[in-house]
């Protein structure tokens, strides 16, 4: 492998991570703006989340006296894992630096690290709400897992590989597979899973202020200052990353090879456009949905699972 | 001894053995049952003697005398002593009543004939023909053992079984070798002595000879 | 020293260890036994490595030992891998046992049984004949039984666990024996070589039934549902090091047995055998994970998680056999490698977890999660190691658990669409079972770590816990180290695993997986570079931490009372308990778990409309035990009571039996002529 | 030599009859048993290479099979007579027995040994029958030695049922004799086993079928095979422990030895299938009965008795297979079972002496309270359950193997199923008896004199399970004699 290509890939990876880190809060702000618009409010500026983060970073770090090193480490781990996941995913290029070192399956488990550590941190605070949030979050995660992996299996069929760049590239080369029922079913399943994994409505209400209905927010109730900022960034990045993967699986156009700066720049722009569109769509959807009862979630996720199985079956039939 | 006399003597003696066995099922008085056992012992000795004369085998005559002594005299005597401990003891309520017992005895006799066809085929002599009677007598004794309640009746049943086997032995093979016969008789006498001692001990412990009371050991 | 000499010397060292355990004074017993366990492990492991390196089996035979058959030892590369696996768990476990000794392991019986247990496990995969195998198998059961019963005087649960374990392990051994004998019936001898030679000529019915019978027998040792019920009873009751040995090593030998039967003796078979194994494995994995997620006893949770992990391995094995049956030979080898890797990983992390649980029990005297809490502060090293091992079990990268699950997923991915309709249906279902299992495992271990080690201590015992002795920490540390190393550089174990897989699949191509640090699947597209991911994670972690440090005004956080939505006083009782943590999962899977709820309300005398106190209790029993085993036990007891009527004490009745038999014989003779 | 073998216990019995009882005299019996064992070994060494040793002008005959049985008798007799001393001491001390009774006991035990030795050494099948019948007569008083009501009850049942059974065996013997006479076997003595085996192919099959059926039923009574087993639990639970040990450990096997001898003749006359079917039926029936009655057993001595029944059933199945491997396994099983069951009965006698009851539920937590005795009981139980390294494992394995080889796999599988049920039952009873918490002050030690032979017995059982090299040639020679 020649040096310039390697440098290009490394650059692409860095660009992906930075784009995620900066773009994610903006995406969050955009979604709030859309929501406010539909609710007839003016809403915050789109960059408000970034300002909030700046403010939070300046505040004092706090830690409950009962907590251990898990508590302060968790936000860092969350952001770090999402960043690594971002670096290996084909967001702006089909060949990110570490793209060959992990596949879709590994990606799922990388993201799992973050949510697991966060759940542990919730329990580490030694309060009632931390445990409650952790319990609910891991339960939802567990239930989303089958749908997610079956969908991955379905997606992997086309490319004969679970390697994400390979899947995206296969779609770029053969766009006709997008129209197959297999892809449609996987898409449906993936959407539900992304919503569940990123804690959006109807699974979880990120804007709630009622402790008993909280899931994610309950878990991170004890965080303040820079730690809270990291958790917020991490969660936003996770949402953006999942949406990015989703759109690249559905519409891989604009994802280029990592051999030149213009290609990378084009990739960034394409990604921004697609993710924005997806984010807006999600926000619009959220406006018209209410949060589901916790114990009705299995039905939703079972539905996603069924879609995933249908995708696999149709993949086998087509083959 | 002429052939016809030998045959009828043998047949009569064998019939006595079987009849005596049947009588033990029929009679209720324990004393009578012991008496019929003595009669059977006598019949058995007669069979041995008749065979001994017929074959001119002096060993068999010795055996006959031995059987007469042991089974018609010594053992009945031992049992009578046992009965004397508990006079008037009667087999009032056997587990299977007398008429049914007699019917069963008849059926057992048929079974004995059916089951020994292969044996009688091998021994085509007059004695051989009578082998089933020995088996029948044995079966009747066995039947008496598990349907009669008194200890003495059970001992008698055991002796009927033994006599039945001995009868088969005489009829089929003119008696097993003398050494075996001696040993076997000694064993039987010893067994009866042991049983008598046990019965006396049981009587002192239980106050009766009824075997239904022996059910303390169970699962 | 040749490999043969080392094998014998290792066995003798184990026996010597038993002698030391029985004869040394109480203080030194366990240490003496442990030291010879290490010698035994080292000798056997070196022999195993030699065999794996040369790929030449070592064959020993002694006609003097074992009447009527003699002893046959055949150390093949396949068995050698399991020898290494046992040694991997046994050496640290016995180190841990030295510190754990006071908890009942220092009786003569226990100190003698421990080395014998390890030795028999080291030798089981070296058995080269039916008789040798069965002897070692039963010895392994016997010594582990003695170790499970160590606490019998104090604990009714231990007595009950011992009885269940003894009975089921014996029933399992009976199945195994029948399966072996079905194959050996017409063969020229009882060595595995002779049996394998003969088995290839048997009809499909005999072969199939032998496989199924063996699957039941070995499955029960492996903790496969529905033959697992002994496992969640026996593993918790055994002392920590023993549970680690049972769960990490002994259970793996159950899978060894299935491979031995299916591949080595029968040389593979039709797809339905293996789809059956796949199905049972998937059910085990799910069932185990579900129960682990709802257990509130730390060791019971680990025990159910064992059923889960071994289920995954059996799934991989099932896929392997299925692929071999559909002529995808390279992929079959890959899946077998996955099964073996899963077992090795399981040995490392579950060994570490059970040893940690032993440390916790040693420090606090309890295994009840709701009596623990806050242990990470009080036992920082043990706690941290538990967390790492728990993360490995949850398959979080870059630890070793992830490698196994990744390989399993790859096998399933490439196994789907292999040709048969049954397989095409089964494999996606297996993937989803595996996925749900993975999710539930996370629930279980977040609960175990969160409730047990984080937050506030929930009892005085947990409050006063102190760090355990160095030997115990070192024991756990070795296994945790293995979790990390095997996770980051799986290439370290792969050559050995591949050699083993190839020896089991004789005649099949080797799955060349490793190229340096990466995993590259041969023949299909699939790659993973765990080392790169690990480095990336560390770099990212340091970068983010540095960023936070740079941006924050004051680097060190201020310690405050937890906020808890403004509550003034936070007490330990306000924390989520293990039961409440598991409640959502339990409620979702109500139909499978069938928990029994108990709500006791007491009212003040004055009015029934007020509640004075309320206690809520919810227990999750084992549905399989209740539905499958208890009825059988009840029926047997019932029959036993009826059968007592056979022996009423009446001499007349007894004579009647004989008379009846005589009449039957006479009638039979009369009829036959 | 063979005469000497018989004379030792007989002389010893005479001594007991003549010399008034004193404690030291108890050890005489042990010495006699040890002498029997030594002579048994000598005879074995001689019998391995030669077809047979004869004695007492042809009445006695010892081939490898007989020699092996002599060794078995000697081994268990040493254990049992050793414990007898303690039993008698204890009975006299508590006034349950008098010196005269002790003498009678010693006399009868030696008589018992002598009759068993005669049974296995008899050249003539009639003499064999006499000896087996004589064991019944001798042991009846031993069963009733404690003279309690239940002991009397047990002895009554024992002698009545066994006498009937043995009478059936006599009928069977007579029929074999008849078959021999009428097929032209006129040799020196048509009831001689060697003659009969040589001429077995000429015996009338019809007669032999009836004869062998009666023999299995008859001798089966003494073996404890269903359906004539019913005396066994009563007698074994009521007899003094050393007697139970001898009865269960060797007497049953001696009776089975008779079945084995006749089986060779029946196989010659009828082909292997008839004897095989019959033995499989009674073997399985015994296993089923033993399993059923063990399930809810509440008395540990009866439990051991039913376990003997189980093992006799297994032996019957092994004999049904009848290959050299099966017979070797059967014989080693006889020895292993004798050792394990002997040790267990002796240990249970010790438990009964100190605890005063044979109810399982009233003797809890034996391991905690009496570690050595509990340990012996526990290991004995493990041996009975067929765990290695005890020899019963190896023999059960090889019997099953042999059964599979001759197409009796289904029977072996059924027997393994029954054994699993029995295993569960014994584990549950053993758990109640042995495990649990005992009160500290109740902790008692066990006399070393008691423990040594029991531990020795278990060690012997382990030894022959690991390596039977001293017995290997003897076993294979013995197996050749009666195998198909």
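Chains as they are written, first to last, in the numbering used here: chain E, 1 to 319; chain X, 1 to 219; chain S, 1 to 673; chain G, 1 to 484. Think of the CB as a built atom: it goes at the ideal place given N, C-alpha and C, for glycine as much as any other residue.
Between which two residues does the alpha helix (DSSP H) holding residue i run?
i	result
residue 308 of chain S	298 to 325
residue 15 of chain X	3 to 26
residue 73 of chain S	Taken as a continuous stretch (DSSP letters only), residue 73 of chain S belongs to no alpha helix (DSSP H), being part of the beta strand (DSSP E) at 71 to 75.
residue 230 of chain E	225 to 250
Spatial neighbours of residue i within its chain, please: C-beta separation below 7 Å, excluding the five flanking residues on both sides.
i	result
residue 359 of chain G	298 and 299
residue 210 of chain G	175
residue 170 of chain X	47, 48 and 51
residue 481 of chain S	none
residue 44 of chain X	17, 67, 71, 163, 166 and 167
residue 488 of chain S	398, 530, 531 and 534
Along the beta strand (DSSP E) that carries residue i, what are the first and last residues, could you check?
i	result
residue 616 of chain S	613 to 619
residue 59 of chain S	58 to 62
residue 55 of chain G	53 to 55
residue 61 of chain G	60 to 62
Could you tell me which residues DSSP pairs with residue i in its beta bridges?
i	result
residue 359 of chain G	G:299
residue 432 of chain S	In DSSP, residue 432 of chain S forms no bridge with anything.
residue 559 of chain S	E:63
residue 55 of chain E	Partner(s): none; residue 55 of chain E has no beta bridge.
residue 602 of chain S	S:613
residue 668 of chain S	BP columns for residue 668 of chain S are empty, so no partner.
residue 50 of chain X	Partner(s): none; residue 50 of chain X has no beta bridge.
residue 127 of chain S	S:73
residue 708 of chain S	Since the first and last residues shown for chain S are 1 and 673, residue 708 of chain S lies out of range.
Could you name the residues of the same chain whose beta carbon sits closer than 6 Å to that of residue i, not counting the 5 residues immediately before and after it, in chain order?
i	result
residue 36 of chain X	20, 23 and 24
residue 109 of chain X	136
residue 221 of chain E	129
Go ahead and label residue i buried or exposed: buried means 16 or more other beta carbons lie within 10 angstroms of its beta carbon, across all protein chains shown.
i	result
residue 683 of chain S	The structure shown does not extend to residue 683 of chain S, since chain S spans only 1 to 673, so no value can be given for it.
residue 54 of chain S	exposed
residue 288 of chain E	exposed
residue 391 of chain G	buried
residue 267 of chain G	buried
residue 429 of chain G	buried
residue 337 of chain G	buried
residue 276 of chain G	buried
I'd like the list of long-range same chain contacts for residue i, defined as Cβ closer than 8 Å, with 5 residues on each side in sequence excluded.
i	result
residue 1 of chain E	In this prediction, residue 1 of chain E scores a pLDDT of 45, lower than 50, which makes its location untrustworthy; the coordinate-derived value is nonetheless stated afterwards. Result list for residue 1 of chain E: empty, nothing under 8 Å.
residue 274 of chain E	244, 247, 248, 251 and 254
If contacts are defined as beta-carbon pairs under 8 Å, then residue i and residue j qualify, I think. What distance do you get, rounded to the angstrom?
i	j	result
residue 380 of chain G	residue 434 of chain G	Between residue 434 of chain G and residue 380 of chain G the Cβ distance is about 11 Å, and since that is not below 8 Å, they are no contact.
Less than 7 Å between the CB of residue i and some heavy atom of the ligand MG, yes or no?
i	result
residue 471 of chain S	Absent from the structure shown: the ligand MG. Ligands present: none.
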